[in-house]
Structures are given as structure tokens and as C-alpha cells.
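In the UniProt record's numbering, the protein residues as written are 1 to 292.
For glycine and all other residues, C-beta sits at the position ideal for the given N, C-alpha and C.
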């Protein structure tokens, strides 16, 4: 197995980590996350949209047939599953066994941003939602949603699904300008870290949306998660002939470890410090096992 990383953050790569049931294949593996028992949930763009495995890649169960138009983001905290259905412009909350408990947005109703082609700089920002990308909880209980493929906003909601505020405008250079906000996390202090994907940077905000910082040293950041060590694990898609990679960064945006990798549309660090990479159109999941 290939070995990557540096210092205390070295890993062995397991390609095609998951063992699927006989006759089953992955579709586009959009995102991945783990629960409190370190079971792995793969969100894919075919039925069944959720595939569940143990940490060794053994298949456990699946759910969600017919429930999603276009699976995009998954986040699990306190054994609650937060999902985004991009093309239907809704964000959903599920139990671990696939029971829906909440939906935010109206299926198929898109806000008026003037955008038609997903991924381009939008003519204007608007309210929720127009092809949202990820929903995550915060220590306060509020929910934050990146609204990215045909919008340029972060939305803040109460846990009951009431909109508190939105911020962000289309653009390429200034703080608070977004071009495809693709993933986000909230740390234990309530600080928000956003993958501003097509601007090749992270943007950092306070809990009430005040701009704090930009981390410019990134290549199309695709997904971000926080480890038990408080560090950020970011999968990058590559840009301008530069390779995709994985970056581990601290809260000031300093690089702790970094290596070239395949482009992972979704990624996740589990409680053991191992990394899962949902490789999108490659239709597979790889795992980086941390060397202890």
C-alpha cells in the first residue's frame, strides 16, 4: 500500500476500500461520513443512495431508495444525519436507519439568482435555496447551509428550521464573495469554515456571519471535516494543471501535512483519525489509514 503524509500524520492508502454486496456497484460517490460507532455512510447518486459499512469496509445496510433527486452533502453529528439534495434544493435530516425527521426548503423550488448553469458565477445572490451543497450543525444548535451551485450564500437556521440570516455575494476576489461555496464546518467555538471552491480558498466567519479570515493556499477545496485533534482535513480538486491533494490545517490555516491525491468530491476524518475519500465519478471510496 502507498504511504503518504509527513511527521505524525502519515497514512497508508487502501484503494477501493468498500466490499459491496454481490452484483452491486457504486454510482457517483458524492460524500461520506461516520457515526459514533465508526460505521461509514456513503452518499451516492444511484439507488440505494445511502450505503453503510463497518470500518473494515464490510457492508452492513442501505436506505433511501427514491428519496433523493441528486445526493450531494452528508454530515453526521450526535448520530443525526444531515443531507443535501442538490437538484431538488432541499436539506434533510435523517436518523441513522433512514427515517426522515426534518426537511428545509420546498422540493423543486429554487430561489431567484438568475443562474441557469450550475457552477458558474451567479448573477446575484438570493435566499434559500438554489442547488445547496451541505448542511451542518453548530454548538448552539443552529444549522448552517452552504448554497452553492446556483447561489452564493451561507444560510443560518434555527434547529427548528427557521431562517435567521444569510450572507455572501457572487464574486472572485473580495471577502464575503463566493464562487461555488461547496462545504463547511463549524468548530467548537462556533466559528464557520467555508470551502469557497472555485475561488481556491477557505473563508472563515463568526457565528453571526462576520468575516474573519481567508486561507488562500488551496486548490478548489471540495470538502472539509474536523478531527478529534481539532485540525481540519480538506480534500482539494486541483486547478490549472496542479494536482488534487489532501491538506491538514490548523485553525490559523497553517499546513500540518499535505500530499497529492485523487480528487475526492467528499471526504471525512473519523474518530480514529483515518480518512475516507468519496471519489465521485470514479465511483469508489478510498481510505487512508493513519499510522499509529
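- Cβ-Cβ distances below 6 Å link residue 214 to 201, 203 in the same chain, with the five nearest sequence neighbours on each side left out; the list follows chain order.
- Rounded to whole angstroms, residue 165 and residue 22 show a C-alpha spacing of 47 Å.
- Looking at 216, 224, 155, 271, the one whose alpha-carbon comes closest to that of residue 37 is 271.
- Under DSSP, residue 221 takes part in a beta bridge, and its partners are 236.
- Burial state of residue 264 is buried, judged by a 10 Å Cβ sphere holding 16 or more other Cβ atoms.
- Per DSSP, the continuous beta strand (DSSP E) segment holding residue 268 begins and ends at 266-269.
- With respect to residue 110, residue 148 sits apart: the two C-beta atoms are not nearer than 8 Å.
- Contact between residue 128 and residue 163 is confirmed by a C-beta separation of about 7 Å, below the 8 Å threshold.
- Taking residue 145 as the centre and dropping the five residues before and after it, the same chain places the C-beta of 91, 132, 135, 155 closer than 6 Å to its C-beta, in chain order.
- Collapsing the DSSP output to three states places residue 134 in a strand.
- Here the alpha carbons of residue 35 and residue 217 stand approximately 30 Å from one another.
- Residue 18 sits buried, since 16 or more C-beta atoms from the chains shown fall within 10 Å of its C-beta.
- Counted as a single uninterrupted DSSP element, the stretch harbouring residue 23 is not any beta strand (DSSP E), since DSSP gives it neither H nor E.
- The three-state secondary structure of residue 198, taken from DSSP, is helix.
- With 16 or more other Cβ atoms inside 10 Å of its own Cβ, residue 234 counts as buried.
- Leaving aside the five residues that flank residue 242 on each side, the residues in its chain whose CB is nearer than 6 Å to its CB run, in chain order, 219.
- Rounded to the nearest angstrom, the Cβ distance from residue 88 to residue 70 is 7 Å, consistent with a contact under 8 Å.
- Minimum Cα-Cα distance from residue 152 among the listed residues 82, 41, 180 corresponds to 180.
- A straight line joining the alpha-carbon of residue 268 with that of residue 230 spans about 13 Å.
- Here residue 68 carries a coil assignment [DSSP, helix/strand/coil].
- Beta-bridge pairing by DSSP links residue 100 to 94.
- Rounded to the nearest whole angstrom, the C-alpha separation of residue 184 and residue 24 is 31 Å.
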